[in-house]
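Numbering-wise (the numbering used here), the sequence shown opens with residue 18 and increments by one.
Think of the CB as a built atom: it goes at the ideal place given N, C-alpha and C, for glycine as much as any other residue.
Have a look at the structure below before the remarks.
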Amino acid sequence: MKILITGGTGFVGTQLTSRLVQDDHEVTILSRSIKKPEKITPGITFLEGDPTKKGSWQEAIKNHDGVINLAGASIFSKWTEEHKKAIRESRVSTTQNIVEGIPSRSEKPFTLFSTSAVGYYGFCGDEELTEESPHGDDFLARIAVEWEGEALKARDKGARVVITRFGIVMGEKGGALSQMIPLFKKYIGGPIGSGKQWFSWVHIKDLAEAFAFLLKHPEISGPVNVCSPNPVRNRDLAKALGRALHRPSFIPAPAFMVKLVLGEFGSVILEGQRVIPKKLLEKGFAFRYAEIDQALQSITQGRS
Numbered sequence: 018m019k020i021l022i023t024g025g026t027g028f029v030g031t032q033l034t035s036r037l038v039q040d041d042h043e044v045t046i047l048s049r050s051i052k053k054p055e056k057i058t059p060g061i062t063f064l065e066g067d068p069t070k071k072g073s074w075q076e077a078i079k080n081h082d083g084v085i086n087l088a089g090a091s092i093f094s095k096w097t098e099e100h101k102k103a104i105r106e107s108r109v110s111t112t113q114n115i116v117e118g119i120p121s122r123s124e125k126p127f128t129l130f131s132t133s134a135v136g137y138y139g140f141c142g143d144e145e146l147t148e149e150s151p152h153g154d155d156f157l158a159r160i161a162v163e164w165e166g167e168a169l170k171a172r173d174k175g176a177r178v179v180i181t182r183f184g185i186v187m188g189e190k191g192g193a194l195s196q197m198i199p200l201f202k203k204y205i206g207g208p209i210g211s212g213k214q215w216f217s218w219v220h221i222k223d224l225a226e227a228f229a230f231l232l233k234h235p236e237i238s239g240p241v242n243v244c245s246p247n248p249v250r251n252r253d254l255a256k257a258l259g260r261a262l263h264r265p266s267f268i269p270a271p272a273f274m275v276k277l278v279l280g281e282f283g284s285v286i287l288e289g290q291r292v293i294p295k296k297l298l299e300k301g302f303a304f305r306y307a308e309i310d311q312a313l314q315s316i317t318q319g320r321s
């Protein structure tokens with residue numbers, strides 16, 4: 018397949034692009050500014066354009082078999098009103114523009130993979146959440162509902178739409194671990210708040226494999242939870258990371274300090290959700306890194 022990717026040069030996009038090329042897919046990375054790559058990788062080309070704005074890049078969509086939309090401003094910072102606006106606009110506007118460029122009722126099949134997040138479900142304590150579970154009503158949940166709604170409009174054009182709801186992505190070169198590992202290495206790592214909150218996560222290599230799997234299974238559509246089948250409590254994540262790094266993991270970050278530093282975003286860290294990848298499991302997808310200890314050992318020791 019020939020696939021256009023937004024956000025293809027980021028933490029997730031880099032890994033995913035590399036994995037897709039292994040299966041002989043042709044990948045076009047949409048980028049606001051194209052820098053000359055250090056090395057030319059067969060199967061990868063670049064297209065200049067800003068996905069948050071309409072432009073000639075939208076015309077290129079019809080020359081592809083699908084789009085993977087990974088674009089979106091990071092949620093990992095204090096949410097000022099300005100940043101909340103950027104979180105929304107970078108997701109909703111980009112998705113609207115992509116759907117606008119998708120050809121209507123094309124003779125060839127077309128697939129839109131639109132990223133979402135497990136934050137869709139809101140905060141539900143110990144309840145196990147699957148793709149059929151209802152959405153929440155906090156800021157991130159409302160954004161996810163609007164974001165997914167714009168993507169699903171591509172169905173009106175005859176496209177297959179897959180909504181990939183990511184757990185927290187764990188990998189060597191970015192994501193949550195890039196902020197956690199330095200603290201543990203300085204002997205100041207530990208659980209956050211009560212430590213009882215659930216943490217739904219996915220190893221970046223399993224995430225990339227899930228996309229490869231979904232491309233081979235065109236019968237799968239709608240929401241798909243892309244996360245480990247074994248979510249963990251925050252305190253157990255801290256213990257596992259401590260074991261992987263051979264560091265103590267008992268120094269907690271009090272809830273009031275998290276709220277003071279992170280404001281509204283602190284609730285995401287302090288509450289979390291317990292999400293299960295029901296669709297992937299039912300279709301026979303096998304997670305290579307299903308357990309948190311196994312995943313963290315592979316990441317911290319640089320093993321694939």
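If Val202 and Leu254 are in contact, beta carbons under 8 Å, what's the gap, nearest whole angstrom? Here residue 202 refers to the residue found at position 185 when the sequence shown is read from its first residue. Here residue 254 refers to the residue found at position 237 when the sequence shown is read from its first residue. According to the sequence as given, residue 202 is Lys; it is not Val. About 16 Å separates the two Cβ atoms, so there is no contact after all.
If you reduce the DSSP assignment to three classes, tell me which class Thr45 lands in. Translated into positions along the sequence shown, residue 45 becomes position 28. Looking at Thr45 - three-state DSSP - the assignment turns out to be strand.
Please state whether DSSP places Gly301 in a helix, a strand or coil. Position 284 of the sequence shown, counted from the start, is the residue given in the question as residue 301. The answer is coil: DSSP assigns Gly301 none of H, G, I, E or B.
What does the alpha-carbon distance come out to for the pair Ser94 and Leu279? Position 77 of the sequence shown holds residue 94. Position 262 of the sequence shown holds residue 279. The straight-line gap from Cα to Cα measures roughly 7 Å.
Exposed or buried, which one is Pro151 when buried takes at least 16 other CB atoms within 10 Å? On the sequence shown, residue 151 is found 134 positions in, with the first residue counted as 1. Exposed: under 16 other Cβ atoms inside 10 Å.
Neighbourhood of Ser369 by C-beta, 8 Å cutoff - its chain only, sequence neighbours within 5 removed: A question about residue 369 goes unanswered here, because the residues of the chain that appear run from 18 up to 321.
Sort out for me which residues DSSP pairs Asn86 with in a bridge. Position 69 of the sequence shown, counting from 1, holds the residue named residue 86. Asn86 is bridged to Thr23 and Ser131.
Would you identify the three-state DSSP class for Glu144, choosing helix, strand or coil? As a working note, residue 144 is residue 127 in the sequence shown. When secondary structure is reduced to three states using DSSP, Glu144 falls in the coil class, being assigned neither helix nor strand.
Residues of its chain near Ser107, where Cβ-Cβ distance is below 8 Å and the 5 sequence neighbours each way are ignored: As a working note, residue 107 is residue 90 in the sequence shown. Excluding five sequence positions before and after Ser107, the CB atoms of its chain that fall closer than 8 Å to its own CB belong to Thr69, Ala88, Gly89 and Ala90, given in chain order.
Let me confirm a value: Asn80 is counted as buried when at least 16 other C-beta atoms fall within 10 Å, else exposed. Which label applies? Sequence index remark: in the sequence shown, residue 80 carries index 63 (1-based). Its Cβ having fewer than 16 others within 10 Å, Asn80 is exposed.
Measuring CB to CB, does Met187 end up less than 7 Å from Ala270? On the sequence shown, residue 187 is found 170 positions in, with the first residue counted as 1. On the sequence shown, residue 270 is found 253 positions in, with the first residue counted as 1. Result no, Cβ atoms of Met187 and Ala270 do not sit closer than 7 Å.
Report the residue from Ile104, Glu189, Pro59 and Leu169 whose alpha carbon sits nearest the alpha carbon of Gly319. Residue numbering aside, residue 319 sits at position 302 when the sequence shown is read from its first letter. Comparing C-alpha distances from Gly319 to each of Ile104, Glu189, Pro59 and Leu169 shows the shortest one belongs to Glu189.
Close beta carbons around Phe267, own chain, < 6 Å, minus the five adjacent residues each side: Working through the sequence shown from its first residue, we reach residue 267 at position 250. Closer than 6 Å at Cβ, skipping near neighbours: Gly207.
Local Cβ density within 10 Å of Arg305, reported as buried at 16 or more and exposed below that: Translated into positions along the sequence shown, residue 305 becomes position 288. So Arg305 ends up on the exposed side.
Inter-stretch contact at 8 Å, needing at least 3 Cβ pairs: the segment 163-174 / the segment 113-127: With the cut-off at 8 Å, the segment 163-174 and the segment 113-127 touch.
Use the C-beta contact count for Phe130: other C-beta atoms within 10 angstroms, 16 or more gives buried, fewer gives exposed. As a working mapping, residue 130 is identified with position 113 in the sequence shown. Phe130 is buried by the Cβ-count criterion.
Do the CB positions of Gln290 and Leu146 come within less than 7 Å of each other? Along the sequence shown, one-based indexing puts residue 290 at 273. Along the sequence shown, one-based indexing puts residue 146 at 129. Yes, these two residues count as a Cβ contact at 7 Å.
Give the single residue among Phe140, Ile20 and Pro235 whose Cα lies nearest to the Cα of Ile286. Mapped onto the sequence shown, residue 286 falls at position 269. For Ile286, the closest of Phe140, Ile20 and Pro235 by C-alpha to C-alpha distance is Phe140.
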